[in-house]
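*Asks:* Sharing a structure here in structure tokens format.
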Ligand code: CTP
């Protein structure tokens, strides 16, 4: 019996897929079809897949061509499958010509003619509206955002605005954004949604302006510096059925989400302690260290550390204390300790002090270790008393990692009823509450 194997995502199953499966089947007597899992696609940066793995498998079943359907979940699996299933022929469309020659060591490799004029990508583009995004602020993070947005099918960065028109022109020119907006009103008139990447103290004004103009908003961190302002903005967005999201990128990484799901599934028992630090040595002249511009380690970085703490231990802590070193009125280093009824969390943030940027989550059965920089989560390890039980988890993110937050933002806009659990309003408000307490309540700060 001649066994043939082929692989694909098979999103929005189409004639090209059907032709390919028929051609593959004709090569032998038994056809195995490998379908990528949702996580595997996410991990390799294929973020625009519409059908989930169950729907995609079902579509293949209905063709009646597959004798066996398997799932593909890791890089390097093809060799394992070929050996495991005694495969004679590996078949794939001609768009992959040459890419799988390395499998010739294990079996025959056949590149089959691809059907012209159809692909999942073109179907997705036809099926969905394009969300036009306008950018406020044209610094480095905005540049990265534009480059990352290219990986999300139904998004177009349409225009940008910066009060400094010359800066805005050169930004648009460099990034091939066709429309330069010379005023805020021009910007909002041209787009469906706004990404705010301007200096922190302008966030409240720009967010309010954008929402009042009927636009969805994705706002960089630190979002706003007072809970009252944040609540007002959320209410405003809610009343107008608009999405308002804080661009806290860690919350959207595949590995971070997997980590949280595993921990909620009890892999280390009851969580008793979370320690998550993030420190960077910053140029003294940076606005991040300027008191007048709401600089300081807590404003800049506490949102990252508070994210896993609030996700894992909740937002109802008993008390919170800060131990800080100040320079020129801003905290260049803060250690924060948060006490819960049955657990404890701590973090260090620093812009003028450097420490280890790892995260450790301790539980009653074991602990999780995430090496620095944990906030760009790609890898973590579950460790136990019995070392044989230790397990490493890898979920690399693609590019700069911003595409995951863009994907979630756009998916929330397109699905008005979607509830996003990746970063909830309650979590955002709790983060802001801590940052505000730090600014306003000196009683809980111990100066060192
Ligand atoms: N395929 C084909 N003809 C097409 C489209 C796909 O023969 N017009 C083949 C691919 O070469 C591959 C299999 O179908 O062997 C599954 O491809 P997949 O990547 O899932 O489909 P695409 O439509 O190419 O998806 P995308 O646009 O997301 O790349």
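Numbering (my numbering), first residue to last: 1 to 448.
Cβ atoms here follow ideal geometry from the backbone N, Cα and C, with glycine treated the same way.
Quantities reported herein were computed from a predicted structural model and do not represent experimental measurements.
Identify, in the order they occur along the chain, each residue of the same chain with its Cβ nearer than 7 Å to the Cβ of residue 221, setting aside the five sequence neighbours on each side.
*Replies:* Closer than 7 Å at the Cβ level, and outside the excluded window around residue 221, lie 246, 247, 248, 303.
*Asks:* With a CB to CB cut of under 8 Å and the five nearest residues on each side skipped, what residues in its chain are close to residue 88?
*Replies:* Correct list, in chain order: 2, 3, 4, 28, 107, 108.
*Asks:* What whole-angstrom Cβ distance do residue 406 and residue 152 have, given they're in contact under 8 Å?
*Replies:* Rounded, the Cβ-Cβ distance is 5 Å, consistent with contact.
*Asks:* Using 7 Å as the cut-off, classify the Cβ of residue 19 as near or not near the heavy atoms of the ligand CTP, replying yes or no.
*Replies:* Indeed, a heavy atom of the ligand CTP lies less than 7 Å from the Cβ.
*Asks:* Hey, quick one: how far does the beta strand (DSSP E) through residue 183 stretch, first residue to last?
*Replies:* Taken as a continuous stretch (DSSP letters only), residue 183 belongs to no beta strand (DSSP E), as it is neither H nor E.
*Asks:* Which residues in the same chain have their Cβ closer than 7 Å to the Cβ of residue 144, if we skip the five residues on either side of it in sequence?
*Replies:* Cβ within range, chain order: 400, 402.
*Asks:* At which residues does the alpha helix (DSSP H) containing residue 41 begin and terminate?
*Replies:* Where residue 41 is concerned, the enclosing alpha helix (DSSP H) stretches over 38-43.
*Asks:* For my contact list, residue 103 and residue 79 are in at a C-beta cut-off of 8 Å; report their separation, rounded to the angstrom.
*Replies:* Yes, residue 103 and residue 79 are in contact; Cβ-Cβ is about 7 Å, under 8 Å.
*Asks:* Taking 7 Å as the cut-off, does the CB of residue 115 come closer than this to any heavy atom belonging to the ligand CTP?
*Replies:* At least one heavy atom of the ligand CTP is nearer than 7 Å to the Cβ of residue 115, so yes.
*Asks:* Can residue 192 and residue 215 be called in contact, C-beta distance under 8 Å?
*Replies:* Yes, the Cβ-Cβ distance between residue 192 and residue 215 is below 8 Å.
*Asks:* Within 7 Å: the Cβ of residue 454 and any heavy atom of the ligand CTP?
*Replies:* Absent from the model: residue 454. The displayed extent of the chain is 1 to 448, so no value can be given.
*Asks:* Just how far apart, CA to CA, sit residue 218 and residue 68?
*Replies:* Those two C-alpha atoms are separated by around 44 Å.
*Asks:* Pick helix, strand or coil for residue 158, following the three-state DSSP scheme.
*Replies:* Strand.
*Asks:* What residues in its chain sit with their C-beta under 6 Å from that of residue 352, if we drop five residues either side in the sequence?
*Replies:* So the list reads 332, once near-sequence residues are dropped.
*Asks:* Which partner residues does residue 321 have in the DSSP bridge list?
*Replies:* Beta-bridge pairing links residue 321 to 337.
*Asks:* What separation, rounded to the nearest whole angstrom, lies between the Cα atoms of residue 231 and residue 429?
*Replies:* If you take the alpha carbons of residue 231 and residue 429, they lie about 8 Å apart.
*Asks:* With residue 273 as the anchor, note down where its beta strand (DSSP E) starts and where it stops.
*Replies:* Here the beta strand (DSSP E) through residue 273 covers 271-276.
*Asks:* Please report the straight-line C-alpha distance between residue 396 and residue 252, rounded to a whole angstrom.
*Replies:* So the two alpha carbons sit approximately 13 Å from each other.
*Asks:* Under 7 Å from any heavy atom of the ligand CTP, does the C-beta of residue 43 make it?
*Replies:* Every heavy atom of the ligand CTP is 7 Å or more from the Cβ of residue 43, so no.
*Asks:* Of all the options 319, 394, 436, 31, which has the alpha carbon lying nearest to the alpha carbon of residue 342?
*Replies:* Considering only alpha carbons, the answer is 319.
*Asks:* So, under 8 Å CB-CB, residue 49 and residue 11 are touching, yes? Tell me the CB distance rounded to an integer number of Å.
*Replies:* With a Cβ gap of about 5 Å, residue 49 and residue 11 count as contacting.
*Asks:* Compare the Cα-Cα distances from residue 313 to each of 138, 41, 445, 264 and report the closest residue.
*Replies:* That would be 264, whose Cα lies nearest to the Cα of residue 313.
*Asks:* How many angstroms separate the CA atom of residue 62 from the CA atom of residue 56?
*Replies:* Between residue 62 and residue 56, the C-alpha separation is close to 10 Å.
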